[in-house]
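A quick write-up on the structure given underneath.
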Amino acid sequence: MASKRRVKGYRPPKRSLFYRIVKRLMRLIQPGNSLNRSLGGDVVLLLTLLIFGMFTAYPMVFIINNAFKPLSEILIFPPKLFVRNPTLNNFSDLFLLMSESWIPVSRYVFNTVLITVVGTAGHVIFASMAAYPLAKHRFPGVRGLNKVVVYSLMFNGAVTAIPAYVIMTQLGLIDTLWAIILPAFAFSLGLYLMKNFMEQIPTTYIESAYMDGASEFHIFWKIVMPLVKPAWLTLIILSFQTLWGATGGQYIYDEALKPLSFALNQIVGGGIARTGVVAAVSLFMMIVPVTVFIISQSSIIETMAHSGIKE
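Residues 112 to 422, numbered by our numbering, are exactly what the sequence shown covers, in order.
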C-alpha cells in the first residue's frame, strides 16, 4: 500500500488528553517496555501506583480548593473536595488584614527569607564538615561521637526547649534572628544523614587524592561533596521546610524581628469568621516549600540513580 503523502497545510486532528494518556500507558505496558514479567503484573502495578498517588495528592488538592472556597462551602458538612463557586475573597481579606499591621509585610517576608536561607546554608555546610571526619577518619572517640549523634535523634524539641532558652540567654541572642538561625546549624538529623552517605564513598578515592597532593579542604569540596549531592539536596529540602514554618515565639519578642509565619498565625487566631483566611494562609505557607521540593526533586532522583558507589 502506498504511503500517504502529507498535503501542504494539512494538520492532523488533535487528540484528547485522555487518548494521549491511554496511548502512553499502552506503550509503557508493551512487552519490550515491561516493568514486570507479565502484562497483568504491569497493569496491577500501574493501578497500585495510581491509587497511592491519589491518596498522596488528596491533602494538597483539598488545601488548594479550600483556599478558593467561600465561607459557606468551607463550613459545609460533610466537606466537599472541589470548589463549586470559586472566589478570591479569602486572599483579599488576608491582604487587607496584613496591610492593617503596623509592621510592613515586606519586613516579615525579609525576616523569614533571611532565617530560611542563612539557616539552611549554614546547616548544610556545618553538618557536612562535621560528618566528613566522623565518616572517613579514625581517631580516638569517633565511635562515642557517632553514638551521641544517634542518641540525639531521640530527643524532641520540646524536651530541649528550656536548655536551649538558657543557652540563648547566656549568649545574649534573645530577641535576635540568630536565636533561630544558630540552633538550625546544629540539627542532628542533617549530621546523621550526611555521615551515612559519606561512609558509602570508597576510601580509594580519598587515598588517590592524597597521593596526588590534594589538601583536606580540596578533597572535601571537590570530591566528597559532589558524591553526596543527593544527601545535601535532601537536607536543603528538610531544613527549608522546618525554617520556613518557624515562628520564633520563644526567642523573639520584637514585632519587627518576627517571621512571616508568626504574623500569619496571629491572623489565624481571629476566630471562626476568619476560616477563609486560614485556608488562604495554609495555601500560602504550603506553596513555597512544595515549589522548592519540585525544583529539587529532579536533581535528587537523577543523582541518586548514579550514586550506587561500591568499593
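Cβ atoms here follow ideal geometry from the backbone N, Cα and C, with glycine treated the same way.
**OP:** Taking only the alpha-carbon atoms, compute the straight-line gap between PRO170 and LEU192 and give it to the nearest angstrom.
**Re:** Rounded to whole angstroms, PRO170 to LEU192 spans 9 Å at the Cα level.
Original post:
In its own chain, which residues sit with a C-beta less than 7 Å from the C-beta of ALA79, not counting the 5 before and 5 after it?
Top reply: With the chain covering 112 to 422 only, the question about residue 79 has no answer from this structure.
**OP:** Consult DSSP for THR358 and reduce its assignment to one of helix, strand or coil.
**Re:** THR358 sits in coil when the DSSP states are folded into three classes, being neither helix nor strand.
**OP:** Just the C-alpha distance for VAL260 and SER217, rounded to the nearest angstrom, thanks.
**Re:** Whole-angstrom Cα-Cα distance: 38 Å.
**OP:** Could you check if TYR121 is buried or exposed, using at least 16 other CB atoms within 10 Å of its CB as the buried criterion?
**Re:** With a pLDDT of 47 at TYR121, under the threshold of 50, the modelled position of that residue is not reliable, and the figure given next carries that caveat. Result: exposed.
Original post:
Looking at the structure shown, is ASP153 part of a helix, part of a strand, or coil, going by DSSP?
Top reply: In the three-state DSSP reduction, ASP153 falls in the helix class (H, G or I).
Subject >> Beta-carbon contacts of VAL403 that lie in its chain and below 7 Å, excluding the five residues immediately before and after >> reply: Same-chain partners within the cutoff: ILE348 and PHE351.
Original post:
What first and last residue would you give for the alpha helix (DSSP H) that runs through VAL326?
Top reply: Position check: residue 326 holds Ser in this sequence, whereas Val was assumed. In this chain, SER326 is not harboured by any alpha helix (DSSP H), its DSSP state being neither H nor E.
Original post:
So what does DSSP say about PHE445, is it helix, strand or coil?
Top reply: Here the chain covers residues 112 to 422 and nothing more, so residue 445 does not appear.
Original post:
Taking the alpha carbon of ASP371 as the point to measure from, which residue in ILE406, PHE395 and GLY233 has its own alpha carbon closest?
Top reply: Checking the sequence shown, residue 371 turns out to be Leu, not Asp. Of ILE406, PHE395 and GLY233, the smallest CA-CA separation from LEU371 is found for PHE395.
**OP:** With distances taken Cα to Cα, identify the nearest neighbour of ILE378 among VAL392, LEU368 and LYS369.
**Re:** Out of VAL392, LEU368 and LYS369, VAL392 has the C-alpha closest to the C-alpha of ILE378.
Original post:
Are the C-beta of PHE221 and some C-beta of chain C separated by less than 8 Å?
Top reply: The chain inventory of the structure shown lacks chain C, comprising one protein chain alone.
Original post:
Within 10 angstroms of its Cβ, does PRO294 collect 16 or more other Cβ (buried), or is it exposed?
Top reply: Classification of PRO294: buried, given that the 10 Å Cβ count is 16 or more.
Original post:
Any idea if MET265 is buried or exposed, counting beta-carbon neighbours within 10 angstroms, 16 or more meaning buried?
Top reply: Around the beta carbon of MET265, fewer than 16 other beta carbons lie within 10 angstroms, which makes this residue exposed.
Original post:
For MET322, is the classification buried or exposed, using 16 other Cβ atoms within 10 angstroms of its Cβ as the cut-off for buried?
Top reply: Flag for MET322 reads exposed.
Subject >> Beta-carbon proximity check, ALA390 vs LYS180, cutoff 8 Å >> reply: Going by C-beta atoms, ALA390 is nearer than 8 Å to LYS180.
**OP:** Could you round the C-beta distance between LEU288 and ASN376 to whole angstroms and report it? I think they count as a contact, below 8 Å.
**Re:** ASN376 and LEU288 do not touch by the CB rule: their CB atoms are close to 18 Å apart, not below 8 Å.
Original post:
Is LEU161 buried or exposed, if buried means 16 or more other CB atoms sit within 10 Å of its CB?
Top reply: By the neighbour-count rule (16 or more Cβ atoms within 10 Å), LEU161 is not buried but exposed.
Original post:
DSSP state of SER212, grouped into three classes?
Top reply: SER212: coil per DSSP, three-state reduction.
Subject >> Distance between PRO274 and GLN281 (C-alpha atoms, nearest Å) >> reply: Near 11 Å, if we compare the C-alpha coordinates of PRO274 and GLN281.
Subject >> Validate contact between the stretch 226-240 and the stretch 354-366 using beta carbons, cut 8 Å, 3 pairs >> reply: The stretch 226-240 vs the stretch 354-366: in contact.
**OP:** Drop a sphere of 10 angstroms on the beta-carbon of PHE296, count the other beta-carbons inside from all chains shown, and report buried for 16 or more, exposed for fewer.
**Re:** Burial check for PHE296: the Cβ neighbour count within 10 Å reaches 16 or more, so the residue is buried.
Subject >> Three-state class that DSSP yields for THR167 in the structure shown >> reply: If DSSP states are grouped into helix, strand and coil, THR167 belongs with the helices.
Subject >> Spatial neighbours of MET279 in its chain, beta-carbon cut-off 7 Å, leaving aside the 5 residues before and after >> reply: The answer, listed in chain order, is ILE285, ALA290 and TYR362.
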